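Inspection log for the structure reproduced underneath, given as structure tokens.
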Amino acid sequence: MLAESLPPTRTLRLLWWPVVAAVLLLIHAVLSVTVRQSRALTAYTLMTHFLVLVLAAGIANRNAVQSTEAIRLFWSFLAMSFGAWSLSTCAWIYYVSVLGRDHPVYLGPAIALSLHIVFMIAAVASRPHLKFSPHRGYRTTLNF
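Residues in the sequence shown are numbered consecutively from 1, following this note's numbering.
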């Protein structure tokens, strides 16, 4: 319904990312069923996860640049969240693909993974869906 009301160039912009996500998911599903557990399958899974997170961070960054007011803060926190999450995935790729280990031996990726949750909570706490009045509120009117 939304795609019918938009010009053709805008429709293509809306449809490219679900197609990429569906293709990656389909490839991952086929490989999971046909290929037995190996380091190559684990590396592919981590790289796909990393690619999806980087794409999500890029889309959130673009939305942050194009937006105004509270919604900009929301998209900025969401972009930081996806970026921290992708750093954790990048560390896992390094340990599995380069070093050949099962998991990292230090807490660096865990810190980035925990930090992405903090950024997501901050994105929700920015309350982009609320319209603020132009009048200044009193300190007693703050209500979470």
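A virtual CB, placed ideally from N, CA and C, is assigned to each residue, including glycine. Please read these numbers as outputs of a predicted model, since none were measured by experiment.
Distance between residue j and residue i (C-alpha atoms, nearest Å)
{"i": "A125", "j": "T89", "result": "25 Å"}
{"i": "R127", "j": "S76", "result": "13 Å"}
{"i": "A22", "j": "A29", "result": "10 Å"}
{"i": "L2", "j": "V35", "result": "Caution is warranted here: a pLDDT of 47 is assigned to L2, below 50, making its placement in the model unreliable, and no coordinate value can be reported."}
{"i": "P152", "j": "A64", "result": "The displayed coordinates of the chain run from 1 to 144. Any statement about residue 152 would go beyond what the structure contains."}
{"i": "V33", "j": "Y95", "result": "24 Å"}
{"i": "L99", "j": "R39", "result": "11 Å"}
{"i": "W16", "j": "R101", "result": "35 Å"}
{"i": "R62", "j": "L55", "result": "11 Å"}
{"i": "L113", "j": "Y106", "result": "13 Å"}
{"i": "L25", "j": "T48", "result": "9 Å"}
{"i": "L31", "j": "I117", "result": "30 Å"}
{"i": "A70", "j": "L115", "result": "21 Å"}
{"i": "F41", "j": "V20", "result": "First, the amino acid is wrong: residue 41 is Leu here, not Phe. Taking the straight line joining both Cα atoms gives about 19 Å."}
Cβ-based neighbour list, residue i, same chain, cut-off 7 Å, excluding 5 preceding and 5 following
{"i": "L53", "result": "F82, W85, S86, T89"}
{"i": "A122", "result": "F77"}
{"i": "S67", "result": "W75"}
{"i": "A60", "result": "W75, L78, A79, F82"}
{"i": "S97", "result": "A43"}
N-terminal and C-terminal residue of the alpha helix (DSSP H) that residue i is part of
{"i": "V35", "result": "Run containing V35: none; DSSP gives neither H nor E here."}
{"i": "R72", "result": "69 to 93"}
Close beta carbons around residue i, own chain, < 8 Å, minus the five adjacent residues each side
{"i": "F119", "result": "F77, L78, M80, S81, A84"}
{"i": "F50", "result": "S86, T89, C90, I93"}
6 Å Cβ shell around residue i - same chain, five flanking residues per side excluded
{"i": "L73", "result": "S126"}
{"i": "G58", "result": "none"}
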